[in-house]
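Engineer:
Numbering (the working numbering), first residue to last: 147 to 516.
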């Protein structure tokens, strides 16, 4: 009896011990300085078995993203800076930032909604770009830890950058397995427009390690939205027979300098592709393969479009993490989104959000090797 009781007692003790959750992401936080106006900023580290991600509350910025190559060697694959001060002094590239209220461009800095014209600050020639002069990328978000990640919240009051309605936006960053998932949600108390995305720049060979011209890109899109000299869409066109046909893996640099009006307008690729999948369906949008490291990045999203930008205005003058110079075309940005200037194009998928409705989009960045 004593031996049996002892075994029962040991079994009870084991049963009461905490059980480790395999694959569960560890989340920690620490201070990351103060903004120029004195607001404290924190940085959260998310770490699972293979990926380490760091997110700042300033701009909801992806400050680093470390993933292994085909030999197991880990590199940081996103562009960025080592200090908060550098981000504030170099806002233009939008390295890793959450973009809102409206990602991409709005022509002439204005749009009409139900008969009323709303005027926004022009910060890109005659256009409004990425939400205006002080978009969500320059705000300090409220943060809390959730299962496998963090949740960021911002309240943008009516009239902020000229947009109507008080908008509450919530963004969740989570790590699970080999994927970084970003869930975007928003609600409003007045009709408005909203288009949220993340503006990370990827170099799968490691940040600051050359260009992305040797990488191979696939985009699951048969159409794109050509732009004028101000990078505003002029309509919809087929990719067939153009340098914009990436329906199969194609070396990014193979056609980027062709004598093509669209490429001249943007000095490379800076265009919105219309994804072939049904609207609102979560499906594969794009893939990038780096033959040097063997890293593969596959994007899945609910969004109808993806803006692909090949770092055309980087010129080596910006020194990033570790003092590395970010040269011309040092990275590729893959911004899942609604189309540029949608409020001024009734034929594009709507970006209008009404009171009582919930905006929700999701994007996953899945990492693997080959």
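Virtual Cβ for every residue (Gly too), placed ideally from N, Cα, C.
1) By DSSP's criteria, residue 429 is part of a beta bridge. Which residues make up the other side?
2) DSSP puts residue 176 in a beta bridge; with which residues?
3) Please state the DSSP three-state secondary structure of residue 254.
4) Among the residues of its own chain, which have a CB less than 8 Å from the CB of residue 396, if the five just before and after it don't count?
5) Assuming residue 190 and residue 207 are in contact, meaning their beta carbons sit under 8 Å apart, how far apart are those beta carbons, in whole angstroms?
6) Use the C-beta contact count for residue 503: other C-beta atoms within 10 angstroms, 16 or more gives buried, fewer gives exposed.
7) Give me the Cα-Cα distance between residue 319 and residue 295, rounded to the nearest whole angstrom.
8) If you follow the beta strand (DSSP E) that residue 512 is in, where does it begin and where does it stop?
9) Give me, in chain order, the residues of the same chain whose beta-carbon lies closer than 6 Å to that of residue 444; leave out the 5 immediate sequence neighbours on both sides.
10) Among 406, 389, 391, 382, which has the Cα closest to the Cα of residue 494?
11) Here's the rule I'm using: 16 or more other beta-carbon atoms within 10 Å means buried, otherwise exposed. How should residue 194 be labelled?
12) Measuring CA to CA, which of 248, 423, 413, 309 is closest to residue 373?
13) Counting along the chain, where does the beta strand (DSSP E) carrying residue 244 start and finish?
14) In three-state DSSP terms, what is residue 249?
15) By a C-beta neighbour count over all protein chains shown, 10 Å radius and 16 as the cutoff for buried, is residue 441 buried or exposed?
16) When DSSP labels each residue in this structure, what does residue 407 get in the three-state scheme?
17) Would you tell me roughly how many angstroms separate the C-alpha atoms of residue 485 and residue 249, rounded to the nearest one?
18) Taking all protein chains shown into account, decide if residue 464 is buried (16 or more other Cβ within 10 angstroms of its Cβ) or exposed.
19) Assuming residue 359 and residue 389 make a contact with CB atoms under 8 Å, what is their CB distance in whole Å?
20) In the DSSP assignment, the beta strand (DSSP E) including residue 209 goes from what residue to what residue?
21) Hey, how far is the Cα of residue 241 from the Cα of residue 453?
22) Between which two residues does the beta strand (DSSP E) harbouring residue 280 extend?
23) Count the CB pairs spanning the region 302 to 313 and the region 326 to 345 that are closer than 8 Å, and state whether there are at least three.
24) Buried or exposed for residue 467, going by 16 or more other Cβ atoms inside 10 Å?
25) Do residue 212 and residue 197 count as a contact pair if the criterion is CB distance below 8 Å?
26) Note down, in chain order, each residue of its chain lying with its Cβ closer than 7 Å to the Cβ of residue 487, except the 5 sequence neighbours on either side.
27) Could you check the C-alpha separation between residue 370 and residue 448 for me, to the nearest Å?
28) Can you tell me the Cα-Cα spacing of residue 516 and residue 301, whole angstroms?
29) Measure the beta-carbon distance from residue 245 to residue 283 and round it to whole angstroms, keeping in mind my assumption that it falls under 8 Å.
30) What are the boundary residues of the alpha helix (DSSP H) that includes residue 146?
31) May I ask you to report which of helix, strand or coil DSSP gives residue 502?
32) In this structure, how does DSSP classify residue 496 when only helix, strand and coil are distinguished?
33) Under the criterion of a Cβ to heavy atom distance below 7 Å, does residue 455 qualify as lining the ligand SAH?
34) Residue 489 and residue 497: beta carbons closer than 8 Å?
35) On the CB-based measure, 16 or more other CB atoms within 10 Å of its CB, does residue 499 come out buried or exposed?
36) Bridge partners for residue 304 per DSSP, in chain order?
Structural biologist: On the basis of the coordinates in this document:
1) Under DSSP, residue 429 takes part in a beta bridge, and its partners are 447.
2) Answer by DSSP bridge pairing, in chain order: 189.
3) Correct three-state label for residue 254: helix.
4) Same-chain partners within the cutoff: 362, 363, 364.
5) Wrong, their Cβ atoms sit about 11 Å apart, outside the cutoff.
6) With fewer than 16 other CB atoms across the displayed protein chains lying within 10 angstroms of its CB, residue 503 is exposed.
7) When rounded, the separation of the alpha-carbon atoms in residue 319 and residue 295 is 6 Å.
8) Start and end: 505 to 515.
9) For residue 444, where only same-chain residues beyond five positions count, the Cβ hits under 6 Å are 433, 512.
10) Looking from the CA of residue 494, the closest CA among 406, 389, 391, 382 belongs to 382.
11) Label assigned to residue 194: buried.
12) Residue 373 has its Cα closest to that of 413, out of 248, 423, 413, 309.
13) Its beta strand (DSSP E) spans residues 243 to 245.
14) Note: residue 249 maps to coil in three-state DSSP.
15) With 16 or more Cβ atoms within 10 Å of its Cβ, residue 441 is classed as buried.
16) DSSP, reduced to helix, strand and coil, places residue 407 within a helical segment of the structure shown.
17) If you take the alpha carbons of residue 485 and residue 249, they lie about 9 Å apart.
18) Buried, by the Cβ-count rule.
19) Contact doesn't hold; Cβ gap of about 13 Å is too wide.
20) Note, residue 209: beta strand (DSSP E), 208 to 214.
21) The alpha-carbon of residue 241 is positioned some 15 Å away from that of residue 453.
22) For residue 280, no beta strand (DSSP E) encloses it, and the DSSP letter there is neither H nor E.
23) Verdict: yes, contact present.
24) Buried, because 16 or more other Cβ atoms sit within 10 Å of the Cβ of residue 467.
25) A contact, by the Cβ cut-off of 8 Å.
26) Result list for residue 487: 251, 252, 253, 378, 379, in chain order.
27) Cα-Cα distance, rounded: 17 Å.
28) Using only the alpha carbons, I get a separation of about 42 Å.
29) In this structure residue 245 touches residue 283 by the C-beta definition: roughly 6 Å separates them, less than 8 Å.
30) Outside the modelled stretch of the chain, which goes from 147 to 516, sits residue 146, for which no answer is possible.
31) Three-state result, residue 502: coil.
32) It is coil, neither helix nor strand.
33) This structure does not include the ligand SAH; it has no bound ligands of any sort.
34) Residue 497 is positioned such that its CB atom lies closer than 8 Å to that of residue 489.
35) The residue is buried, with at least 16 neighbouring Cβ atoms inside 10 Å.
36) Listed as beta-bridge partners of residue 304 by DSSP are no residues whatsoever.
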